[in-house]
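Notes for the one structure printed next.
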Amino acid sequence: MVFYQNITHVVVYVVEMTGEGIGFGKAILFNEHFVVYGVPAIVSAIGQYTLARVNPSSSSDIILKDNRDATPSYKEDKSEQQKDSLNRILAKMGIDRNNAEIEIELGGNLYAASGIGASAASCVAIARALSQHYGLNLTDEEINDIAYEGEKGYHGTPSGIDNTASTYGGLIWFQKNDTNVMNKIRLSTPVEIVMGNTGKVANTTAAVAGVRERREKNPEKYQKIFDRAENIAYLAKRSLEEENFREIGKLMNENHKLLQQIEVSSRELDFLVNIARESGAYGAKLTGGGLGGNMLALTPGKDLQEEVANAIEKEGFKVLKTKIGVVREGII
Ligand code: MEV
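Each position in the sequence shown, counted from 1, maps to that position plus 63 in the numbering used here.
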């Protein structure tokens, strides 16, 4: 928006900056939770994204308007974490919330739910929108760092996998380390998946803390599970590079078993996994933090995707039909 004031002969242009930015949703194909401990994982951005818009405001404090469609109770359950996250983003960017005179609006076509990267997508979108609003021209790497800080509000000790997928898009091999490893895996064409929403909002911090506690109590049992998870990551990478989707499906099924063993699945997730497999999915597993949230089914081809999605919907659950390996689809 541009105003001008005619002061004697000088025309002063005051440009009221606005900013926009997006962050992708994501689906973890392999090794959520294990990734927190440095085990390699595979994640894909999905085509759906959160859009953040920064508008000038007369209020001194920052107003956050969350217009995203969401699982019932998602926004209420996450509201304290969302505040903490925004404060961390502002602190990292050196923005004083009491003098910013802006409002931040969240929208876009990503349905906010657990397991789909909604928190990371919002952090990335907000960082990008603020960067544009203040003319900072931040790089993807800087945006990713800021979003990681924001993710701490939601995850406590995030691995960084979600914000990485949300920032860069595409299919990614990710390993947490002093310097995180991030390598793109390229598919010749994006592949259909179905995500089934249990309708349960889950607390990722609590899920991660639970794994930590059980792992400390049963180090030998957990070591075996973690070793197999690492193995699966390498096998899955090769199968993805060969585009051997039958094999990838089998490995996803095995990965789900490991996630059950570390006790992050739930009755609803197992139910959705079974429906997906029975209706022809190549493989199915929980995705993200677990204990609710979303299930991921690999369903190459539109017909199979439709069949699996219909079977889940028939049981009264919400589905998302989307693709993995999408590189910046729908970016503005
Ligand atoms: C959540 O999407 C993935 C977890 O592995 C946590 C993390 O990596 O930060 C459960």
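Every residue, glycine too, gets a C-beta built ideally from N, C-alpha and C.
Short Cβ contact (8 Å threshold) for residue i with residue j
i, j, result
"ALA190", "GLU214", "no"
"VAL389", "ALA339", "no"
"THR350", "GLY223", "no"
"GLU326", "LYS263", "no"
"ALA265", "GLY198", "no"
"ALA347", "ASN307", "no"
"VAL98", "HIS196", "no"
"PRO119", "GLU164", "yes"
"THR261", "SER342", "no"
"VAL274", "THR220", "no"
"GLY259", "ASN337", "no"
"LYS365", "GLU255", "yes"
"TYR345", "ARG301", "no"
"ILE248", "GLU204", "no"
Nearest-angstrom beta carbon gap, residue j and residue i [assumed within contact, 8 Å]
i, j, result
"GLY171", "TYR112", "5 Å"
"LYS89", "ALA228", "4 Å"
"VAL187", "ASN226", "6 Å"
"LEU127", "ILE85", "LEU127 to ILE85, Cβ: 17 Å. No contact."
For residue j and residue i, the rounded distance between their alpha carbons
i, j, result
"ARG44", "GLU212", "An answer regarding residue 44 cannot be provided, because it is not within the stretch 64 to 395 covered by the chain."
"ALA104", "THR242", "15 Å"
"ASP290", "VAL106", "19 Å"
"VAL102", "ALA292", "7 Å"
"MET64", "ASN200", "For MET64, the predicted structure reports a pLDDT of 35, less than 50, and the residue's modelled location is therefore unreliable. The matter cannot be settled from this model."
"THR81", "ILE125", "14 Å"
"ALA181", "ASN246", "22 Å"
"ASP147", "ARG160", "13 Å"
"ILE109", "PHE87", "6 Å"
"ILE375", "ALA360", "11 Å"
"GLU378", "SER122", "46 Å"
"PRO282", "ASN162", "50 Å"
"LYS155", "GLY312", "40 Å"
"ILE209", "GLU369", "38 Å"
"PHE334", "LEU367", "19 Å"
"GLN144", "SER194", "22 Å"
"ASN207", "THR267", "20 Å"
"TYR100", "LYS287", "14 Å"
"PRO363", "VAL244", "28 Å"
"SER251", "LYS280", "44 Å"
"THR202", "ASN130", "27 Å"
"ALA269", "LYS239", "20 Å"
"LEU149", "LEU314", "37 Å"
"PHE237", "PRO253", "19 Å"
"GLY355", "LYS284", "24 Å"
"SER185", "GLY157", "19 Å"
Span of the alpha helix (DSSP H) around residue i
i, result
"GLU376", "365–377"
"ALA344", "Note, ALA344: premise wrong, no alpha helix (DSSP H); not H, not E."
"ARG277", "267–280"
"PHE308", "308–324"
"ARG191", "181–196"
"ILE224", "224–231"
"ILE152", "137–156"
Bounding residues of the beta strand (DSSP E) (the contiguous stretch that carries residue i)
i, result
"ASN246", "244–248"
"ILE125", "First-last for ILE125: undefined, no H or E at that position."
"ALA90", "82–93"
"ASN357", "357–361"
"ALA210", "No beta strand (DSSP E) holds ALA210; the alpha helix (DSSP H) holding it covers 203–218."
"ARG116", "104–119"
"VAL390", "Premise fails: VAL390 is in no beta strand (DSSP E) and is neither H nor E."
"VAL264", "Looking at the DSSP string, VAL264 is not in any beta strand (DSSP E), and its letter there is neither H nor E."
"PHE237", "234–238"
"GLY170", "165–171"
"GLU305", "No beta strand (DSSP E) contains GLU305, which DSSP labels as neither H nor E."
"VAL254", "254–260"
| request: Could you tell me whether the stretch 309–324 touches the stretch 85–99, where touching means 3 or more Cβ pairs closer than 8 Å? | output: yes
| field | At least 3 beta-carbon pairs within less than 8 Å: the stretch 157–171 vs the stretch 219–232 | value | no
| query | Between the stretch 172–180 and the stretch 116–136, do at least 3 Cβ pairs fall closer than 8 Å? | reply | yes
| message | Taking contact to mean 3 or more Cβ pairs, one atom from each stretch, closer than 8 Å, check whether the stretch 281–298 and the stretch 379–388 are in contact. | response | no
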